[in-house]
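Asker: Position 105 (the sequence shown) corresponds to 681 in this note's numbering; numbering is contiguous.
Here's a structure for you.
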Amino acid sequence: MVTLDDLQVSSLGPCTVDSPLALYVGGRTTNEYYVGEHDRILYDDTLALIESRGVGLENLPTFESGGPRDKIFFDPATTKVGVVTCGGLCPGLNDVIRAIVLELHTHYGVRNVVGLQHGYAGFVPELGHDIVPLTPESVARINERGGTVLGTSRGAQDPAVIVHRLVEEGINVLMVIGGDGSMRGAHNIVVEIERRGLKIGVVGVPKTIDNDIPHIGQSFGFSTAFAKAAESIKAARVEVEAAVGGIGIVKVMGRHAGFIACYAALANHDADFVLIPEVDFSLDGDNGLLALLERRVAERGSAVIVLAEGAGQHLIPASDRMDPSGNTVLGDIARYLREQITKHFANADQPLTMRYFNPGYAIRSVPADASDSVYCARLAQTAVHAAMAGRTDLVVGRRRHRFVNVPIPFVTQGSHNVSPEGDLWLSVLESTAQPFSIA
Ligand code: ATP
Ligand code: MG
């Protein structure tokens, strides 16, 4: 059970520096902009859950509110901030970089911002990546491009080396834009900083195209990603309807969480089957996928399957390969399905035209759409507010439309998945008319 302690954000020390916001808004009263210690956001939003805890208001689990504070920890004139992007690409990375730089510059007057290149590898002198200045000029219009101008990488780096470099470069705050692995890495950096008794803040902006980091609300870039995936599903529908015995497979991202598959399928009603990691399915049997496909093609002439990359892993031999960050390389479920469907239709003497779509890299590399751009900018601003107030070992998120600061250990200890008993999966079943169980 989540407690208030789980949600307490670490701090480098008391805030004694006046926020420069008052100067920025021309001496107007600024109180309404600031958040205070008591602006906390409830973790539970269901009355029955709150009641069942049986504790007073002050002991209910609550998040620290994100936002600017009247007193800050770091003096902007002497603060240097480093920014790094790690892990896979995701729409909006450049929006976040740009907004961090602009917020530091415009709101706080921090002029010394640098970018580490190619993820945590950028800290390791032997790997030869330059540290680059980030200015409002250098980040102008980078949001119009996909990818990350700082580059990224996978692979472990020694936290002691990273902290040594932070000290050498005089960096007071490190902003990490990355996924679950990057946040585990960020926490290790915090541990090393604390071990050395340093006052360096580490603040994360969680990046996960799969939307699989818990407690942060929807992750940035997710809505752009599933909109792009939905285009491929639409294309697949057009293709298979024109073919004889058309079956389309659209493979989308989602190693452990099928959110992209579900949302992309819901965005239009062109999918007949949605296969996600959280819900096992069988190929054989009367209600297995092969028989269902055969019936669907016989009834409607074609079928489209939206397949998350991590779905159906129980059907294929487990892989023992790892990527440089230690993530298991998944088995190729799309290929296996194509082979099995082809075999099944040949045995049943049914015509089949198979079309395979793999929009993965196209999904990752697009710029953020307008709505995600706004979200990226606001998350980045929230992260800068937390950093300048001396908060550390946290990520920013948005819960029920409120920006919050969340301890990194709290988000890295669990995962966020599509619940087979939840309303999202039910919506998918309703929109596809796929049976509750494919077995
Ligand atoms: P995504 O999975 O969304 O692409 P990620 O941040 O999870 O993003 P990874 O490649 O797993 O991507 O990790 C990025 C960086 O974080 C790498 O440099 C990796 O070494 C480091 N990292 C990953 N897992 C851990 C961990 N458990 N502890 C410390 N560092 C880690
Ligand atoms: Mg990851």
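Note that the Cβ used here is the ideal one computed from N, Cα and C, for glycine as well.
(1) Can you tell which of E915, E997, L636, K827 has its C-alpha closest to the C-alpha of V1020?
(2) Measure the CB-CB distance between T661 and V778 and report whether it falls below 8 Å.
(3) Quick one, are the C-beta atoms of A1015 and G864 less than 8 Å apart?
(4) Taking L710 and V659 to be in contact with their CB atoms under 8 Å, please state how far apart those CB atoms are, rounded to whole angstroms.
(5) On the criterion of 16 or more Cβ atoms from any shown chain inside 10 Å, does E640 qualify as buried, or is it exposed?
(6) In chain order, which beta strand (DSSP E) runs of at least 3 residues are fully inside the stretch 839-909?
(7) Is the stretch 704-724 touching the stretch 755-767 in the sense that three or more CB pairs, one from each, lie closer than 8 Å?
(8) Just to check, is the beta-carbon of N993 closer than 7 Å to a non-hydrogen atom of the ligand ADP?
(9) Determine which residues share a DSSP beta bridge with Y932 and list them.
(10) Nearer than 7 Å: is that true of the beta carbon of D615 relative to any heavy atom of the ligand MG?
(11) G966 and S587: beta carbons closer than 8 Å?
(12) Which residue marks the beginning of the alpha helix (DSSP H) containing I707, and which one marks its end?
(13) For a test of your reading of the model: does the CB of G755 fall under 7 Å from any non-hydrogen atom of the ligand MG? Yes or no.
(14) Short of 7 Å in beta carbon distance, which residues of its chain neighbour V578, apart from the five on each side in sequence? Order them along the chain.
(15) Taking DSSP as the reference, what is the three-state secondary structure of N688?
(16) Could you check what DSSP says for F979 in three-state terms: helix, strand or coil?
(17) Is the closest heavy atom of the ligand MG to the C-beta of G663 under 7 Å?
(18) Which value, in whole angstroms, describes the spacing of the CA atoms of W1001 and L883?
(19) Sort out for me which residues DSSP pairs D594 with in a bridge.
(20) State the Cα-Cα distance for the pair K656 and A732, rounded to the nearest angstrom.
(21) Could you check whether G643 and T958 sit closer than 8 Å to each other, using their CB atoms as the reference points?
(22) Cα-Cα, which of V749, H740, A874 is closest to R771?
(23) So S895 packs on E817, CB below 8 Å; how close in whole Å?
Answerer: Concretely, from the data shown:
(1) Lying outside 577 to 1015, the shown extent of the chain, residue 1020 is not represented and no answer is given.
(2) T661 is not a Cβ neighbour of V778, given a cutoff of 8 Å.
(3) Contact flag set, yes.
(4) With 8 Å as the limit, L710 and V659 qualify as a contact, their Cβ atoms being about 6 Å apart.
(5) Buried, by the Cβ-count rule.
(6) With a minimum length of 3 residues, the continuous beta strand (DSSP E) runs that stay inside the stretch 839-909 are 849-851, 878-884.
(7) The stretch 755-767, when compared against the stretch 704-724, does not touch it at the 8 Å Cβ threshold.
(8) No copy of the ligand ADP occurs in the structure displayed; its ligands are the ligand ATP and the ligand MG alone.
(9) DSSP, once it has assigned bridges, lists I825 as partnering Y932.
(10) Taken from the Cβ of D615, every heavy atom of the ligand MG lies 7 Å or farther away.
(11) Closer than 8 Å, so yes.
(12) I707 -> no alpha helix (DSSP H), and no H or E assigned at all.
(13) G755: yes, Cβ under 7 Å from the ligand MG.
(14) Listed in chain order, the non-local C-beta contacts of V578 below 7 Å within the same chain comprise Y619, P637, local neighbours out to five positions each way being set aside.
(15) Assigned with DSSP and collapsed to three states, N688 falls in strand.
(16) In the three-state reduction of the DSSP assignment, F979 falls in the strand class.
(17) Indeed, a heavy atom of the ligand MG lies less than 7 Å from the Cβ.
(18) The straight-line gap from Cα to Cα measures roughly 14 Å.
(19) Beta-bridge pairing links D594 to K647.
(20) Their Cα atoms are separated by approximately 25 Å.
(21) Yes; because the gap between Cβ atoms is below 8 Å, this pair is in contact.
(22) If we check each option's Cα against that of R771, H740 comes out closest.
(23) Between E817 and S895 the Cβ distance is about 35 Å, and since that is not below 8 Å, they are no contact.
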